[in-house]
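Only one structure is covered here, and it is reproduced in the block below.
2 protein chains.
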Amino acid sequence: MATKQFTGSSDEADLRRADSLAREIFSDVANKWALLIIEVLGERTLRFSELRNEVEGISHKMLTQNLRMLERNGLAERKVYPTVPPRVEYTLTEPGRALRAMVDLICDWTHQHFGHIEGARRRFDA
Amino acid sequence: MATKQFTGSSDEADLRRADSLAREIFSDVANKWALLIIEVLGERTLRFSELRNEVEGISHKMLTQNLRMLERNGLAERKVYPTVPPRVEYTLTEPGRALRAMVDLICDWTHQHFGHIEGARRRFDA
DNA sequence: CAGAATCCGCGTGGATACTG
DNA sequence: CAGTATCCACGCGGATTCTG
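Chains as they are written, first to last, in UniProt numbering: chain A, 1 to 126; chain B, 1 to 126.
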C-alpha cells in the first residue's frame, strides 16, 4: 500500500475516504444473510420467492432489505418483468460473482476444518 | 459421527447434523467483528489491550465476546501468563490462519471493486 | 491488565396487514 | 407475486462497575 507522507494532503484525504468506504462495504457484506444470499444466488438467476425458499430461515423483510443493499452496491442486478402477477429476478453481477467465489472458499473451509472445530468446542464446553 | 439411525439412513442424519453445524459455524464467523479480529490478528500474537487498539471501534465487551467465540471454535488460542498485572495473548490457530487468508481475499476484493461499487451507489441513490 | 457482571437504550428483525 | 409500512418484542452491544 502506497503510504504517501504529508506531502499532498488531498491524497491523504482520499485515502481516508477510501478506507472509510472500504469499512462500510465490509460491514454491509460481512453479515450472515448477505453472504447466504450471494451463495445461493450462485451462477443462476432467481426470483424473489425462489430466493425466499432457498435461503433457509430468512424472513421476507430481511430478504428485501439485503437484496436492496446488494443492488445498491452493484453486486446483484434486479430485473422487473411488468407482467401480472409481477415477476422479479435477481442475478449476481461480475463483482458479485467474484465475491461469491470467496464465500465458496469459506464454505469449503468450514467443511475442511469441521473435525477440528467440533473437537475444540467439546473441549471448551467442558 | 456416531448417532446411527436404525432406519439405515444414518448417513442422511449425519449430513443433516453436519449441515446444521456448518450453518452454526458460518453464523459465528460471518460477522463484522469476528472477521476484523481475525484480520488484525494476522500472523502475529497480540495482547487483549493491543487488539482493543487495533480493531478500530470495538468495545471491550464485543472483543471479549468474540475472542471467547474464536477460542471455543478453535480458531484462536488464548495464552495466560500468571504475572501481575495479568498478561493474556491471542494467536490464530492453523484453521484460524486459513480463514484469515480468505478474509484477506475479501479485503482485496473490496479494493478491486471500489470504483464499481462507488458508482453503483451513486446511481442507486438517485 | 484482563474480564465478568450488571444495567439499559436502541436498533434489528419478525409478524402482520396493505398496495400494485 | 413482489414490495412497503407499521408495530413491537427481544437481544445486541455500549457504558459502567467490580474483581483477581
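Quick reminder that beta carbons are idealized off the backbone N, C-alpha and C, glycines included.
Per-residue contacts from residue i into chain A (C-beta, under 8 Å)
i	result
residue 58 of chain B	What residue 58 of chain B touches in chain A: nothing, since even the nearest Cβ is about 12 Å away.
residue 42 of chain B	Within chain A, no residue comes near residue 42 of chain B; the closest Cβ sits about 14 Å away, beyond 8 Å.
Spatial distance of residue i from residue j (CA atoms)
i	j	result
residue 124 of chain B	residue 71 of chain A	8 Å
residue 63 of chain A	residue 55 of chain A	9 Å
residue 69 of chain A	residue 77 of chain B	35 Å
residue 100 of chain A	residue 82 of chain B	44 Å
residue 19 of chain B	residue 59 of chain A	20 Å
residue 41 of chain B	residue 51 of chain B	8 Å
residue 32 of chain A	residue 12 of chain A	33 Å
residue 87 of chain A	residue 96 of chain A	22 Å
residue 92 of chain B	residue 104 of chain B	14 Å
residue 89 of chain B	residue 47 of chain B	4 Å
residue 29 of chain B	residue 110 of chain B	18 Å
residue 37 of chain A	residue 61 of chain B	29 Å
residue 118 of chain B	residue 102 of chain B	23 Å
residue 108 of chain B	residue 49 of chain A	33 Å
residue 57 of chain A	residue 44 of chain A	20 Å
residue 94 of chain B	residue 75 of chain B	7 Å
residue 23 of chain B	residue 17 of chain B	10 Å
Listed by chain order, chain A residues near residue i by CB distance under 7 Å
i	result
residue 54 of chain B	By Cβ distance, chain A contributes nothing, its closest Cβ being about 14 Å from residue 54 of chain B, past 7 Å.
Listed by chain order, chain B residues near residue i by CB distance under 9 Å
i	result
residue 105 of chain A	101, 102 and 105
residue 37 of chain A	Those do not exist, as residue 37 of chain A stays about 12 Å from chain B at its closest Cβ, beyond 9 Å.
residue 27 of chain A	32
residue 120 of chain A	71, 72, 73, 74, 75, 93 and 95
residue 48 of chain A	Within 9 Å Cβ-Cβ: nothing; residue 48 of chain A doesn't reach chain B, min ~18 Å.
Residue i: contacting residues in chain A (beta-carbon distance under 9 Å)
i	result
residue 66 of chain B	Residues of chain A passing the Cβ test: none, with the nearest at roughly 13 Å.
residue 18 of chain B	111 and 114
Exposure label - residue i; buried when at least 16 CB within 10 Å
i	result
residue 35 of chain B	buried
residue 113 of chain B	buried
residue 80 of chain A	exposed
residue 15 of chain B	exposed
residue 84 of chain A	exposed
residue 73 of chain A	buried
residue 53 of chain B	exposed
residue 120 of chain A	buried
residue 126 of chain B	exposed
Neighbour list for residue i in chain B, Cβ cutoff strictly below 7 Å
i	result
residue 110 of chain A	22, 25 and 26
Would you list, in sequence order, the uninterrupted alpha helix (DSSP H) runs of no fewer than 4 residues that lie entirely inside the UniProt domain "HTH hxlR-type" (18–118) of chain A?
32–41, 48–54, 60–72 and 94–112
Please name the residues in the stretch 78–103 of chain B whose beta-carbon is closer than 7 Å to at least one beta-carbon of chain A, in chain order.
95, 98, 99 and 102
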